[in-house]
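Here the structure comes first, spelled out in structure tokens, and everything after it is commentary.
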Amino acid sequence: MDIDNNETQSASAVVVRRFLDVPELVGMVLGYLSRDRTDLLQLSLVCRSLRVQALHAWSRHLDIPITAAIDRFRLFSAHPSLLSAVRFLRIRNDVVDRGLYGSTSRGPKPSSWTKLNKLLSMLDGQIISASSSGDRALPLIDVTIRPQDRLRLPSVLKQRVVALRILPVNDRLSRIDQELESDDDDEHNFDCDDEDSMDYGDEDNSDEDGPYPPKKKQKQKRPSTPESASEPGTPIELDDPEPESDPELSGSDPPKVTMDLLDKLWGYEDKSRKRLVAAKEQRGWKELIDIIQQAGNGPGLRTFHFGVFECPAGNPPSEQLLQQLWETLVTQHAAHLLDLSLNLGTVDIPDAILASENLSKLEVFNLERDGLQKSAELDDFLDHTTRLRELYINTLRNYRSSGLQAEGQFLSMRQTFPHLKWVHVSDPAPAFEDQLGFAARHQGVTSLLYPSFIPVTTTGAPTNPDLPSLIPYPNLKFTPLSGRRELQLLAMQGRFLSHVVVAFDQYSPKPWLQVNSVVTWLAGNSDAAKAVTCLEILQEHGDLNYSIPYFDEAFSSTCLPNLTELSLVFGDNEGDRQFTTAQFDQMLQYALVNLVSASKLRVLRMCDGSRQIKANELCNGTVFPPSLELFAWLEAPNRMPQYFRFVPTAIYHGFDSSYVRGGKLGKLQRVPAVSRARITKEGVWERSFHSMRTATVLEHVPGPPRLALD
């Protein structure tokens, strides 16, 4: 018996050696795993023969959220040769970024920006060294930051930026910033290179685990002598403005302490703080302009998102800086910019953009502003962007209350975009005839966001909106709905959506009845039910636990035979509830068992208004729907997804064994969000300007459902 075992082990070793001797086979396996980050890192830990190759494959798509910057710095400091494998690099402030690819509720550690800048300096050195020998492909860089962020890109890396997103600021995060600012100012007062002094094991903010097991946190005294301030890559701080002297507080005699004096001191400190923050933001704007300028010496920007004016917490740049930014963008990147998205608040639409006739390659244009302004100039601009696939113009937000809407300002809709697939133009709506004409010229449109359904009579004139209406896009596959009326209207015209989003925002004592009205109608209309591959239910006033018993019948393959992705968002989304792991397991197991009848369901997303789930494994030994691959828990308050993949197991416990029939046994294992990021060949980590469009894991339009990866 021992001889047989030895022979078997020997034969296996020979097979493994043969496999390792064929670089093409190794490359194929690692390439397959390169986006499945969890398995790739596990492979690097358990297989010594493949460790180096596996880590190189992991480094190819390098994502650095600021909350994980210290971990990334520690890895590449220990293995600097891995930097040569980086081809696609994303740098982002995931604390502020409210997009899909972040999942965080805490701020970064005080030294995060310093460590990130040191890591970028190391990468810069690798590029310069490799470029001199001509044997290195340069990385493509995607950056998502705010003006006040302390990112310091070396000049060589600025030339490799292909996507730049300037994030908005909200009031809550501004307060967090103020708390962290003092820590950042002190970051050179201790040596962060002493790894034992930092806590690497609690990176639940990060969307990806590093290849090392967590270290235990040890408290150490901070050295009084700053050692890291002289290290390469340390950001050089500009002098802060000197505080203005107050004549009432000067003089040789100490002033008498009174409440008036204390109020003055506190007020003075607050003003000084605001001046300091404003000065740092203005320097940040200059840094952003320099990135835009130098990026023109490389492949050029393909994506530019601008959103700092979403709320009043930030300090907008001076008019001179803002004008310089727009002029630099147009001069350097008009010839190759593909995605331009602007969230301007009350700021004027840039003349440099509107006057440019060179942005003809744009495929995506998004504009948000409080009130439509310069409509004639905007029409002229759109005349030159005939390659658009996506057009989003939202000027509705506050114009009625703010009085910003100029009378008679609306778009003509005179353009023709041969490749247009996705469109939204908000109120004030263009003239009725212009809307119909636009729809007639764009029969290929498949997606509308918050559409204005056009009421018509046989003569084409507007009528009572309660009467039957015409939806003039014959190939429509996606649009949000407020109930079953729109589904009925579409079905009457022989049109059936593949991606259905139904939002209920009115209170109901039995909220499931609202959902059930849509599901029941679909069950009774087989053509409409067969077309649905993705169903999203948003019930703001509902209770998820109350609704779970109805899942078995409502979402079964008998009712929705091709349902592949299901999203259930219940509750007020305030994040005021917190499950223990055991409570969450019990609730989720109950839901999964009641979804076994959904035989084609591959992706399940859920939310009930509770906060982050910290467990890395869930529902061990539970029965799952037979086709389920991925589960996403949408963390409150911003519905950030936490992803878990299905892993099969052989042990079952929990519910009656009759539930196993038709399902499969397994558990859920946390996976990083980067595993489902779509990266274009130009190096852009794609994400839509509108969060609703990035919510789904699969793409359902035009169909069939597919994973949105290159």
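All residue numbers for the sequence shown refer to UniProt numbering, where the first residue is 1 and numbers rise by one.
We put the CB at the ideal spot given by N, CA and C, even for glycine.
With LEU630 and LYS667 assumed to form a contact (beta carbons below 8 Å), what rounded beta-carbon distance in angstroms separates them? Not confirmed; about 13 Å, so no contact.
Compute every distance between the C-beta of LYS667 and the non-hydrogen atoms of the ligand MG, then say whether any falls below 7 Å. As far as ligands go, the structure on display features none, and thus does not contain the ligand MG.
Less than 8 Å between the beta carbons of ALA528 and LEU487, yes or no? For ALA528 and LEU487, yes; Cβs fall inside 8 Å.
So HIS384 and SER360 are in contact, right, with Cβ under 8 Å, and what is the actual spacing, rounded? Correct: roughly 6 Å between the Cβ atoms.
Round the Cβ separation of ARG37 and PRO65 to the nearest angstrom and send it over; I've been treating them as touching at under 8 Å. Taking 8 Å as the upper bound for CB-CB distance, ARG37 and PRO65 are not in contact here, some 13 Å apart.
Other residues of its chain near PRO704: CB distance less than 6 Å, five sequence neighbours each side excluded: Closer than 6 Å at Cβ, skipping near neighbours: no residue.
Would you give the residue range spanned by the alpha helix (DSSP H) that THR331 belongs to? Its alpha helix (DSSP H) spans residues 319 to 333.
Strictly by DSSP, which residues pair up with GLN126? Per DSSP, GLN126 has no beta-bridge partner at all.
Taking the alpha carbon of PRO625 as the point to measure from, which residue in CYS534, GLN589, GLN642 and GLY609 has its own alpha carbon closest? The candidate whose alpha carbon is nearest that of PRO625 is GLN589.
Taking all protein chains shown into account, do 16 or more other C-beta atoms lie within 10 angstroms of the C-beta of PHE496, making it buried, or fewer, making it exposed? PHE496 counts as buried, since at least 16 other C-beta atoms from the protein chains shown sit within 10 angstroms of its C-beta.
With a threshold of 6 Å on Cβ separation, who are the neighbours of GLU390 within its own chain once the five nearest residues in sequence on each side are excluded? Cβ neighbours of GLU390 beyond the five flanking positions: VAL364 and TRP422.
Buried versus exposed, by CB contacts within 10 Å (16 or more), GLY662: Flag for GLY662 reads exposed.
Out of GLY494, LEU489, VAL518 and GLN493, which has the shortest C-alpha to C-alpha gap to VAL501? When C-alpha distances from VAL501 are compared across GLY494, LEU489, VAL518 and GLN493, the shortest belongs to VAL518.
Specify, as a first and last residue, the run of the beta strand (DSSP E) that GLN539 falls within. Boundaries of the beta strand (DSSP E) harbouring GLN539: 534 to 539, taken from the DSSP string.
Between ALA376, ILE128 and ILE70, which has its C-alpha nearest THR114's C-alpha? When only C-alpha atoms are compared, the closest one is ILE70.
Can you tell me which of the three DSSP states PHE19 falls into? Here PHE19 sits in helix by DSSP.
Among ILE548, LEU522, SER610 and LYS286, whose alpha-carbon lies nearest the alpha-carbon of ASN594? Ranking the options by Cα distance to ASN594, first place goes to ILE548.
Can you tell me whether TYR32 is buried or exposed? The criterion is at least 16 other CB atoms within 10 Å of its CB, across all chains shown. By the neighbour-count rule (16 or more Cβ atoms within 10 Å), TYR32 is not buried but exposed.
Sorted by chain position, which residues of the same chain lie with C-beta nearer than 8 Å to GLU327's C-beta, five sequence neighbours on each side aside? Cβ neighbours of GLU327 within its own chain (closer than 8 Å, five residues either side excluded): ALA352.
Ordered list of alpha helix (DSSP H) runs contained in the segment 570 to 636, each at least 4 residues: Within the segment 570 to 636, the complete alpha helix (DSSP H) segments at least 4 residues long are 581 to 593, listed from N- to C-terminus.
Report yes if the CB atom of GLY27 is closer than 8 Å to the CB atom of GLN159, and no otherwise. Taking 8 Å as the Cβ cut-off, GLY27 and GLN159 do not qualify as a contacting pair.
Give the secondary structure of PHE73 by DSSP, where H, G and I count as helix, E and B as strand, and everything else as coil. The answer is helix: DSSP assigns PHE73 an H, G or I state.
Quick one: what does DSSP say LEU40 is sitting in, helix, strand or coil? If DSSP states are grouped into helix, strand and coil, LEU40 belongs with the helices.
For residue 712, which option in VAL697, LEU665 and PRO648 has the closest C-alpha, if you only look at C-alpha atoms? Beyond the ends of the chain as shown, which are 1 and 710, falls residue 712; an answer cannot be given.
Boundaries of the alpha helix (DSSP H) in which GLY437 is found, first to last residue: For GLY437, the enclosing alpha helix (DSSP H) covers residues 432 to 441.
Quick check: LEU120 and ILE127, are their CB atoms within less than 8 Å of each other? No, Cβ-Cβ distance for LEU120 and ILE127 is not below 8 Å.
From what residue to what residue does the beta strand (DSSP E) around ILE349 run? Boundaries cannot be given for ILE349, as no beta strand (DSSP E) includes it and DSSP labels it neither H nor E.
Tell me whether the beta-carbon of ILE166 lies closer than 8 Å to the beta-carbon of ARG150. Cβ distance not < 8 Å, so ILE166 and ARG150 don't count as in contact.
Look up GLU686 in the DSSP assignment and say whether it is helix, strand or coil. DSSP places GLU686 outside both helix and strand once states are collapsed to three, so it counts as coil.
Would you identify the three-state DSSP class for PRO80, choosing helix, strand or coil? The DSSP-derived three-state label of PRO80 is helix.
Throw me the rounded Cβ distance for the ARG602 and SER567 pair, which I believe falls under 8 Å. Going by Cβ atoms, the distance from ARG602 to SER567 rounds to 13 Å, so no, they are not a contact pair.
Return yes when the Cβ of HIS442 is within less than 8 Å of the Cβ of LEU420, no when it is not. Yes; because the gap between Cβ atoms is below 8 Å, this pair is in contact.
Closest to ARG387 by CA distance: which of LEU338, ALA376 and ASP370 is it? With distances taken between Cα atoms, ARG387 lies closest to LEU338.
Own chain residues within Cβ distance below 7 Å of GLU377, not counting five before or after: So the list reads LEU354, once near-sequence residues are dropped.
Assigned secondary structure, ASP142 (DSSP; H/G/I helix, E/B strand, else coil): Strand, per DSSP.
In the DSSP output, what is THR67 paired with across the bridge? The partner list for THR67 (beta bridge, DSSP) is empty, contrary to what the question assumes.
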